[in-house]
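Below is one structure, written out as structure tokens, with a few remarks after it.
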Amino acid sequence: MNALEIIRSAPAEPCHPCPRYLLPPESWNALLAALGSTASPELLALWADTVQVHALFRGPAHQLALASTGIEEGKYPALSPVRPTAALFERMVQDLWGHVAQGAADIRPWVDHGHWPYTQPLAPRPGPPAVNPEPPEFRPTPGLMQVPIGPIEGLIGEPAHLRLATYGEEVRRAECRLGYAHKGVLSLMRGKSPRNAVRFAARLSGDTTVAHSLAFAHAAEAATGSAAPPRAAALRLVMTHVECAAYHLDALALVADAFGDSKVFALCGRHIELLRRAAAIAFGHRLMMDLIVPGGLVADIAPGGQEAVLEAASQLCTALPALRRLLQAQRFRLAGDSWSRMGHSLAELTKNLRLLANKLDALSDGEIAVPIPSVSGEGLGMAEAGRGEIWHWLRLDHGQIAAVFCCDPGWALWPLAEAAMAKSNVDDVAVIRASFGLAVSGVDL
363 MNALEIIRSA PAEPCHPCPR YLLPPESWNA LLAALGSTAS PELLALWADT VQVHALFRGP
423 AHQLALASTG IEEGKYPALS PVRPTAALFE RMVQDLWGHV AQGAADIRPW VDHGHWPYTQ
483 PLAPRPGPPA VNPEPPEFRP TPGLMQVPIG PIEGLIGEPA HLRLATYGEE VRRAECRLGY
543 AHKGVLSLMR GKSPRNAVRF AARLSGDTTV AHSLAFAHAA EAATGSAAPP RAAALRLVMT
603 HVECAAYHLD ALALVADAFG DSKVFALCGR HIELLRRAAA IAFGHRLMMD LIVPGGLVAD
663 IAPGGQEAVL EAASQLCTAL PALRRLLQAQ RFRLAGDSWS RMGHSLAELT KNLRLLANKL
723 DALSDGEIAV PIPSVSGEGL GMAEAGRGEI WHWLRLDHGQ IAAVFCCDPG WALWPLAEAA
783 MAKSNVDDVA VIRASFGLAV SGVDL
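Under the working numbering, residues 363 to 807 are what the sequence shown spells out, in order.
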């Protein structure tokens, strides 16, 4: 049997929109063996609760498979030897729940830097605080120069510690260390209703507040068997397209700033500001924070808001040819795949503007929210963000959150950025890092 067949042969627990399969230890080990022989299915996320570890996969035909296995004596067989993207998740699971991944590729702490008032905060019985915590540990690089960047860089920005191992001007290894922006979001959500917990999802990452709120709302609606009204669903998409357009402009501006192009930086900054002002007129908040809730929206689009958003989008569409010309003139200065990532941002920006106009033109009348029932259940939700897909999962116990996890695209992007920087020149690191649009807060939880 292949990996998906092994997962689907196990007993299933209700979870919407896809069931969660409970794999006994022998089936989990068979799954690991099957995963080791093929690149499919891809691992989207890995997390835990107090008694199980959960892994979300996606097959070649985009079919989802959610697999769980029990924790035995505080341990479970590691996924990272066959799916390297699991490594950061496994470190996070050990820090937050105390479950140890046997055979893991990396067992160093991730979000826990040794300064919490107690360890393993999501375990049934959290542990005592660390004594004399050590500084962040990086992999040894004998014979190479160490170049530290961050976590404090003297500018307004998120804290990340990047360590380059160099030989002359060549970067041989790049390694990041996050966790400095840990907020305890998963702990804060537990025991609350989805309506009260959504504000924590909205604050996971400021530039994707709409997407995180939407993914959480989708998960809560799936768990309760409810759905947002058509007008609310359409306005949610409008907000998503505005947020994604602003994100891609910001990504282009960051790369331009890294290679010193003030014209591109200024042009992108101007249109980011126009989109933010239009969002404030339409939805009452420049980032559109705290508007999406399970069941719909807090408020309808304001009078004149539709026209303001369309005007900002129209001005940006008019500026796109000039932006392309300016970027094309700087193509020779971009390192590695940075140009292709900028091209992707331009293409996504164009697509979001087209979809934004279509959604606004097709808005229908109707209510903007419905109550969701206080029931028990599990749900999985997804939303598109500028960086990629955001996944939220939650389990409800009579309307209260018993377990929850939020997966930001940064979990996949940071290891990719490390690999890209490790094949580069020291002078190119800033541009490569900017081209990935890396963020910290969503990963730090």
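Where is the CB? At the ideal position from N, CA and C, for every residue including glycine.
Simplified DSSP state of H475, which is helix, strand or coil | On the sequence shown, residue 475 is found 113 positions in, with the first residue counted as 1. For H475, the three-state secondary structure derived from DSSP is coil.
Can you name, in chain order, every residue of its own chain whose Cβ lies under 6 Å from the Cβ of V455, other than the five neighbours on each side?
-> The sequence position of residue 455 within the sequence shown is 93, counting from 1. The beta carbon of V455 is closer than 6 Å to those of A410 and H461 in its chain, skipping five residues each way along the sequence.
Can you give, in chain order, each stretch of the beta strand (DSSP E) that sits fully within the stretch 406-494 and has at least 3 residues?
-> Listed in chain order, they are 414-420, 426-432, 437-439 and 462-464.
Terminal residues of the beta strand (DSSP E) in which E537 lies | Walking along the sequence shown from the start, residue 537 turns up at place 175. Per DSSP, E537 belongs to the beta strand (DSSP E) from E532 to R539.
Given that a residue counts as buried once 16 or more other Cβ atoms are within 10 Å of its Cβ, and exposed if not, what is M808?
-> Outside the modelled stretch of the chain, which goes from 363 to 807, sits residue 808, for which no answer is possible.
Per DSSP, what kind of secondary structure is I634 in: helix, strand or coil?
-> The count along the sequence shown starts at 1 and reaches residue 634 at position 272. Here I634 sits in helix by DSSP.
If we ignore side chains and look at the alpha-carbon of each, how far apart do K545 and D457 end up?
-> In the sequence shown, the residue the question calls residue 545 occupies position 183. In the sequence shown, the residue the question calls residue 457 occupies position 95. Spanning the alpha carbons of K545 and D457 requires a straight line of approximately 14 Å.
Length of the line joining the Cα atoms of Q668 and N787 | Walking along the sequence shown from the start, residue 668 turns up at place 306. Walking along the sequence shown from the start, residue 787 turns up at place 425. Straight-line Cα distance between these residues: approximately 46 Å.
Could you name the residues of the same chain whose beta carbon sits closer than 8 Å to that of C630, not counting the 5 residues immediately before and after it, in chain order?
-> Within the sequence shown, the letter at position 268 stands for residue 630. If you ignore the 5 residues before and after C630, its C-beta comes within less than 8 Å of the C-beta of L611, D612, L614, A615, A618 and L685, all in its own chain and listed in chain order.
Under the rule that 16 or more other beta-carbon atoms within 10 Å means buried, what is R795, buried or exposed?
-> By 1-based counting over the sequence shown, the position of residue 795 is 433. Here R795 is buried: its Cβ has 16 or more other Cβ atoms, across all protein chains shown, within 10 Å.
Give the secondary structure of L722 by DSSP, where H, G and I count as helix, E and B as strand, and everything else as coil.
-> Position 360 of the sequence shown holds residue 722. Reduced to three states, the DSSP call for L722 is helix.
Residues near Y480 in its chain [Cβ-Cβ closer than 8 Å; skip 5 each side] = Taking the first residue of the sequence shown as position 1, residue 480 is located at position 118. If we look at Y480 and ignore the five residues flanking it on each side, its Cβ neighbours are P488, G489, P490 and P491.
Can you tell me whether V493 is buried or exposed, with buried defined as 16 or more other CB within 10 angstroms of its CB?
-> Indexing the sequence shown from 1 puts residue 493 at position 131. Burial call: exposed.
For A536, which residues from the same chain have a beta carbon less than 7 Å from its beta carbon, with the 5 sequence-adjacent residues on both sides left out?
-> Start at 1 with the first residue of the sequence shown, and residue 536 comes out as number 174. A distance below 7 Å between beta-carbons, with the five flanking residues on each side excluded, links A536 to the following residues of its chain, in chain order: L524, L526, E780, M783 and A784.
What are the partner residues of D759, as DSSP defines its beta bridges?
-> Taking the first residue of the sequence shown as position 1, residue 759 is located at position 397. DSSP, once it has assigned bridges, lists Q762 as partnering D759.
L366 versus G398: straight-line alpha-carbon distance, rounded = Taking the first residue of the sequence shown as 1, we reach residue 366 at position 4. Taking the first residue of the sequence shown as 1, we reach residue 398 at position 36. Straight through space, the alpha carbons of G398 and L366 are spaced by roughly 13 Å.
Give me the Cα-Cα distance between Q692 and E435, rounded to the nearest whole angstrom.
-> In the sequence shown, counting from the first residue as 1, residue 692 sits at position 330. In the sequence shown, counting from the first residue as 1, residue 435 sits at position 73. Cα-Cα distance, rounded: 56 Å.
So, is L778 buried or exposed, given that buried needs 16 or more other C-beta atoms within 10 angstroms?
-> Indexing the sequence shown from 1 puts residue 778 at position 416. Exposed, by the Cβ-count rule.
CB of G658 within 7 Å of CB of P591, strictly = Indexing the sequence shown from 1 puts residue 658 at position 296. Indexing the sequence shown from 1 puts residue 591 at position 229. In contact: G658 and P591 (Cβ atoms closer than 7 Å).
Is the CB-CB distance between R470 and E496 below 7 Å?
-> Residue mapping note: residue 470 aligns to position 108 of the sequence shown, counting from 1. Residue mapping note: residue 496 aligns to position 134 of the sequence shown, counting from 1. Cβ distance not < 7 Å, so R470 and E496 don't count as in contact.
Verify whether the separation of the beta carbon atoms of P379 and A584 is less than 7 Å.
-> To locate residue 379, count along the sequence shown from 1; it is residue 17. To locate residue 584, count along the sequence shown from 1; it is residue 222. Against a cut-off of 7 Å, the Cβ pair of A584 and P379 comes out as a contact.
Beta strand (DSSP E) segment containing P510, residue limits | By one-based count along the sequence shown, residue 510 stands at place 148. Here the beta strand (DSSP E) through P510 covers M507 to I511.
Between the beta-carbon of G421 and the beta-carbon of P403, is there less than 7 Å?
-> Position 59 of the sequence shown, counted from the start, is the residue given in the question as residue 421. Position 41 of the sequence shown, counted from the start, is the residue given in the question as residue 403. Yes. Within cutoff.
Using CA coordinates, which residue listed in H754, P373 and S371 is at the minimum distance from A581?
-> Within the sequence shown, the letter at position 219 stands for residue 581. Nearest of H754, P373 and S371 to A581, Cα basis: H754.
Relative to the C-alpha of R624, which residue among Q508, L689, G553 and A417 is closest?
-> Residue numbering aside, residue 624 sits at position 262 when the sequence shown is read from its first letter. Strictly speaking, residue 624 in this sequence is Ser, with Arg absent from that position. Ranking Q508, L689, G553 and A417 by Cα distance to S624 puts L689 first.
May I ask you to report which of helix, strand or coil DSSP gives H647?
-> Translated into the one-based positions of the sequence shown, residue 647 becomes position 285. Three-state DSSP puts H647 in coil, outside helix and strand.
Could you name the residues that DSSP lists as bridge partners for C769?
-> The residue labelled residue 769 in the question sits at position 407 within the sequence shown. Per DSSP, W753.
Check Y609 in the structure and name its three-state DSSP category.
-> Translated into the one-based positions of the sequence shown, residue 609 becomes position 247. The answer is helix: DSSP assigns Y609 an H, G or I state.
Using the beta-carbon count (16 or more within 10 Å), is T570 buried or exposed?
-> As a working mapping, residue 570 is identified with position 208 in the sequence shown. Burial check for T570: the Cβ neighbour count within 10 Å reaches 16 or more, so the residue is buried.
Less than 8 Å between the CB atoms is what I'm expecting for V660 and L649, so what's the real figure, rounded?
-> In the sequence shown, counting from the first residue as 1, residue 660 sits at position 298. In the sequence shown, counting from the first residue as 1, residue 649 sits at position 287. Incorrect: roughly 14 Å between the Cβ atoms, too far for contact.
With a Cβ-Cβ cutoff of 7 Å, do P771 and G750 count as a contact?
-> Mapped onto the sequence shown, residue 771 falls at position 409. Mapped onto the sequence shown, residue 750 falls at position 388. Yes. Within cutoff.
From the DSSP output, in three-state form, read off M744 for me.
-> Within the sequence shown, numbered from 1, the residue matching residue 744 stands at position 382. If DSSP states are grouped into helix, strand and coil, M744 belongs with the strands.
A467 and S442: beta carbons closer than 7 Å?
-> Counting from 1 along the sequence shown, the entry for residue 467 is found at position 105. Counting from 1 along the sequence shown, the entry for residue 442 is found at position 80. In this structure, S442 lies closer than 7 Å to A467 by Cβ.
Where do the N-terminal and C-terminal ends of the beta strand (DSSP E) with T528 fall, by residue?
-> As a working mapping, residue 528 is identified with position 166 in the sequence shown. Note, T528: beta strand (DSSP E), H523 to Y529.
Note down the Cα distance separating V413 from T680, rounded to an integer number of angstroms.
-> For the purposes of this step, residue 413 is identified with residue 51 of the sequence shown, where counting begins at 1. For the purposes of this step, residue 680 is identified with residue 318 of the sequence shown, where counting begins at 1. Distance between the alpha carbons of V413 and T680: 55 Å.
Cβ-Cβ distance between P510 and Y542 below 7 Å = Numbered from its first residue, the sequence shown carries residue 510 at position 148. Numbered from its first residue, the sequence shown carries residue 542 at position 180. If you check the CB distance, P510 and Y542 do not come in under 7 Å.
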